[in-house]
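Visitor: If you read the sequence shown in numbering that gives the first Met the number 0, its first letter stands for residue 0, the second for the next number, and so on. We put the beta carbon where it would ideally sit given N, CA and C, even for glycine. These numbers were taken from a predicted model, which means no experiment stands behind them.
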Amino acid sequence: MELPFAESWKIKMVEPIRKSTREEREQWIKEANYNVFQLKADQVYIDGLTDSGTGAMSDRQWAALMMGDESYAGARSFYELKDTITRITGFEYLIPTHQGRAAENVLFSALVTEGAIVPGNSHFDTTKGHIESRKAVALDCTVDEAKNTQLEVPFKGNVDPKKLEKALAEHADKIPFIIVTITNNTAGGQPVSMQNLREVRALADKYNKRVLFDSARFAENAYFIKTREEGYADKTIKEICREMFALADAMTMSAKKDGLVNMGGFIATRWEDWYEAAKKFCIPFEGYLTYGGMNGRDMAALAVGLDENTEFDNLHTRIHQVQYLASLLDEYGIPYQRPVGGHAIFVDASKVLTQIPKEEFPAQTLTIELYKEAGIRGCEIGYILADRDPITRENRFGGNDFVRICVARRVYTDNHMKVIAAALKNVYDRRNEITRGVEIVWEAPLMRHFTVKLRPLK
0 MELPFAESWK IKMVEPIRKS TREEREQWIK EANYNVFQLK ADQVYIDGLT
50 DSGTGAMSDR QWAALMMGDE SYAGARSFYE LKDTITRITG FEYLIPTHQG
100 RAAENVLFSA LVTEGAIVPG NSHFDTTKGH IESRKAVALD CTVDEAKNTQ
150 LEVPFKGNVD PKKLEKALAE HADKIPFIIV TITNNTAGGQ PVSMQNLREV
200 RALADKYNKR VLFDSARFAE NAYFIKTREE GYADKTIKEI CREMFALADA
250 MTMSAKKDGL VNMGGFIATR WEDWYEAAKK FCIPFEGYLT YGGMNGRDMA
300 ALAVGLDENT EFDNLHTRIH QVQYLASLLD EYGIPYQRPV GGHAIFVDAS
350 KVLTQIPKEE FPAQTLTIEL YKEAGIRGCE IGYILADRDP ITRENRFGGN
400 DFVRICVARR VYTDNHMKVI AAALKNVYDR RNEITRGVEI VWEAPLMRHF
450 TVKLRPLK
């Protein structure tokens, strides 16, 4: 008899969570202006808002915290982190930052100027925000298959080489670099194949451009290359990572995802000129070069987390849980971005709340309904997150309208996945009763979804 699947870890400490009543939740979401970001964490039963900084650290990471060197300059923890990153990626130069968007801010301050065009695969909101705030253009060159949520394609996160070459041919003088997000979060946590990374590298070399990886979930991307791409089944995750990063010139990293820490990030590169250019912004924005935005203890924990999460068993346990949640949604017929990605379920709200027009934000409406149903907090990755066109100020309705339910690393059990699936089924079963959505009553000019205020339409 084949043994059933089991986690690659055992539990050492637990944190109690509280259920609430529907009446409480309806009042709380109203007080939060129907924006789940504004809820208090104690008002949430199962939190799928994000996988960023919400994971559980290992015993080795907690031990490393105690050994952190808090020297202002030249801390031992910095060099431990640097050695780990160089071993995994091959990149020689490192700048620590307090998180991924800080890494973008530091690097883009050096590289992105007004009028620039930055092609890539579905830039995430902070990446796009850092580009557009500098009066530059984030040009989406993702493969068209990503828009068809029910299409089973193994690497929906890929860059479309034809779109990219068209951009390079027409705007080469305006393009400071090409960005590839691994995995592609906005497209539904979808991976990018090694073959596609080679194609991007070839085009970059042809037009003398450099390639930047947005690497928050690079280890999960390596897992999908190992399990889905021909020729990689027998390679280790660390071997695949070295091959991936050999095709890039630099990386930004939100270490709060695949680094398995609660706060942190970094820039790493093989190019001294990019390092020197970014250095000038690190010190005023983040801190001195050997700590940036991080404590020594956090750098020590990150070094261990990167090492742990580039091992197959850890990734397999994590991604198996996401796949288990997807299998439950399959039983209930709930549409999501297929095949399931590595860190979340992306429910296709446009196929669930079919009576709500896009102008009334179906995914945000579904997010609110899921919270009211069971205290589960998801996140709209759709039309509100897409922001307005910086020139026309019209809402951007061209992409997918998802409810993302993230699965925190090493935090919840499969029973929690059953609760999420059952709550979604309950909302799905009464979907035809939900005929009106929400409208915006206040919004920030950039990255509005964090603070937007909404009200339900009658």
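Report yes if the C-beta distance between residue 232 and residue 67 is below 8 Å; otherwise report no.
Guide: Against a cut-off of 8 Å, the Cβ pair of residue 67 and residue 232 comes out as no contact.
Visitor: Grab me the residues of residue 59's own chain with a C-beta within less than 8 Å of its C-beta, minus the 5 sequence neighbours each way, in chain order.
Guide: So the qualifying residues of the chain are 303, 307.
Visitor: May I ask you to report which of helix, strand or coil DSSP gives residue 323?
Guide: Looking at residue 323 - three-state DSSP - the assignment turns out to be helix.
Visitor: Please state the DSSP three-state secondary structure of residue 213.
Guide: Strand at residue 213.
Visitor: With a threshold of 8 Å, are at least 3 pairs of Cβ atoms found where one atom belongs to the stretch 333-345 and the other to the stretch 205-221?
Guide: Touching, per the Cβ criterion.
Visitor: Mapping DSSP to helix, strand and coil, what is residue 391?
Guide: It is coil, neither helix nor strand.
Visitor: Give me the Cβ distance between residue 419 and residue 99, rounded to the nearest whole Å; I'm assuming they're in contact under 8 Å.
Guide: 26 Å between Cβ atoms; not a contact.
Visitor: What do you reckon, are the CB atoms on residue 45 and residue 415 nearer than 8 Å?
Guide: Yes; because the gap between Cβ atoms is below 8 Å, this pair is in contact.
Visitor: Indicate the three-state DSSP secondary structure (helix, strand or coil) for residue 365 in the structure shown.
Guide: Helix, per DSSP.
Visitor: For the pair the stretch 172-179 and the stretch 322-330, tell me if three or more CB-CB distances fall below 8 Å.
Guide: Segments in contact, no.
Visitor: So, under 8 Å CB-CB, residue 437 and residue 453 are touching, yes? Tell me the CB distance rounded to an integer number of Å.
Guide: Between residue 453 and residue 437 the Cβ distance is about 4 Å, and since that is below 8 Å, they are a contact.
Visitor: Taking just the CA atoms, how far does residue 427 sit from residue 395?
Guide: Going from the Cα of residue 395 to the Cα of residue 427 covers about 26 Å.
Visitor: Going by DSSP, what residues sit across from residue 250 in a beta bridge?
Guide: Answer is 212, 267.
Visitor: Tell me whether residue 56 is buried or exposed, calling it buried when 16 or more other Cβ atoms sit within 10 Å of its Cβ.
Guide: Label assigned to residue 56: buried.
Visitor: For residue 195, which residues in the same chain have their Cβ closer than 7 Å to its Cβ, ignoring the five residues on either side in sequence?
Guide: Once the five neighbours on either side are set aside, the close Cβ partners of residue 195 are 154, 157, 158.
Visitor: Excluding the 5 residues preceding and the 5 following residue 228 in the sequence, name in chain order all residues of the same chain whose CB lies nearer than 8 Å to its CB.
Guide: If we look at residue 228 and ignore the five residues flanking it on each side, its Cβ neighbours are 153, 154, 192, 193, 194.
Visitor: Please return the same chain residues whose Cβ sits closer than 8 Å to the Cβ of residue 269, not counting the five positions on each side in sequence.
Guide: Answer for residue 269: 89, 90, 91, 92, 248, 249, listed in chain order.
Visitor: Under a three-way DSSP split, which group does residue 46 fall into?
Guide: Note: residue 46 maps to strand in three-state DSSP.
Visitor: Quick one: does residue 77 have its CB under 8 Å from some CB of chain B?
Guide: Here there is only one protein chain, and chain B is not present.
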